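These notes concern the structure reproduced below.
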Amino acid sequence: MVNDELRHELLARADEDQRVRKAAGERAGPGGEIPDDLAREWTRVDERNTARLAEIVSEHGWPTRSLIGDDGANAAWLLAQHADHDLDQQKRFLDLMRAAVAANEASAVDLAYLTDRVATHAGQPQIYGTQLRPGPDGRLTAYPIADSDTVDQRRAALGLDPLVDYIAASLQR
């Protein structure tokens with residue numbers, strides 16, 4: 001049975017996460033710099049969400065599809081994805097989510113994004129090419145990718161578009 005209270009809480013936290021990021025994008029300067037007030041709010045939101053997600057996983061384990069539905073599980077992933085300020089906690093979330101995916105209780109695509117996020121923040125090459133950054137010429141490029149010759153095969157296995165298409169689509173956002 002779905003825990004509606006927990007589901008709604010995670011959805012609200014994910015909405016807040018996206019609201020502050022959208023506001024930052026709209027108010028970013030020409031070099032991408034975010035106004036100080038929004039940068040502080042962004043940090044506060046991420047820290048609060050990470051702390052709460054840590055409490056939730058301590059009580060329930062990883063928030064699974066069975067516990068909070070597909071949209072709630074996606075919201076939990078988003079909070080983990082944005083726990084960059086605490087790499088150790090983000091790695092813990094990754095391990096828990098990996099087990100949930102193995103049990104078909106979380107999205108393999110979401111796991112791919114979190115796997116790459118943790119790898120890039122740990123200074124390691126990513127696996128699926130989901131994490132992008134501006135290159136020397138200002139154009140989006142993927143962070144380093146392990147075994148880049150076969151990245152599109154790994155992406156296709158999860159239903160992700162080829163890397164070149166993903167980068168092109170990211171430019172349209």
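Its first residue numbered 1, the sequence shown is counted upward by one per residue in the numbering used here. Ideal Cβ placement from N, Cα and C applies to all residues, glycine included. Owing to the predicted nature of the structure, the values given are computational and were not obtained by experimental measurement.
Comparing the CB of residue i with every heavy atom of the ligand PLP, is any distance shorter than 6 Å?
i	result
E16	What this structure holds is no ligand at all, so the ligand PLP is not there to describe.
Helix, strand or coil, according to DSSP, for residue i in the structure here?
i	result
I145	strand
L38	helix
R133	strand
N49	helix
G31	coil
D161	coil
W62	coil
N74	helix
A103	coil
M1	coil
Under 7 Å between the Cβ atoms of residue i and residue j?
i	j	result
L114	V101	no
H121	L163	no
L158	V118	no
L11	A75	yes
L38	A23	yes
E105	T64	yes
H82	D17	yes
L79	N3	no
S170	L132	yes
G72	R19	no
H85	D46	yes
R27	P35	yes
A54	Q89	yes
Can you check DSSP and say which residues form a bridge with residue i?
i	result
Q126	I145
L140	P134
Going by DSSP, what residue range makes up the alpha helix (DSSP H) through residue i?
i	result
D84	No alpha helix (DSSP H) holds D84; DSSP gives it neither H nor E.
L10	D4 to R27
A112	A108 to H121
(message) Counting beta carbon pairs with one atom in the segment 124-135 and one in the segment 91-98, are three or more of them shorter than 8 Å?
(response) no
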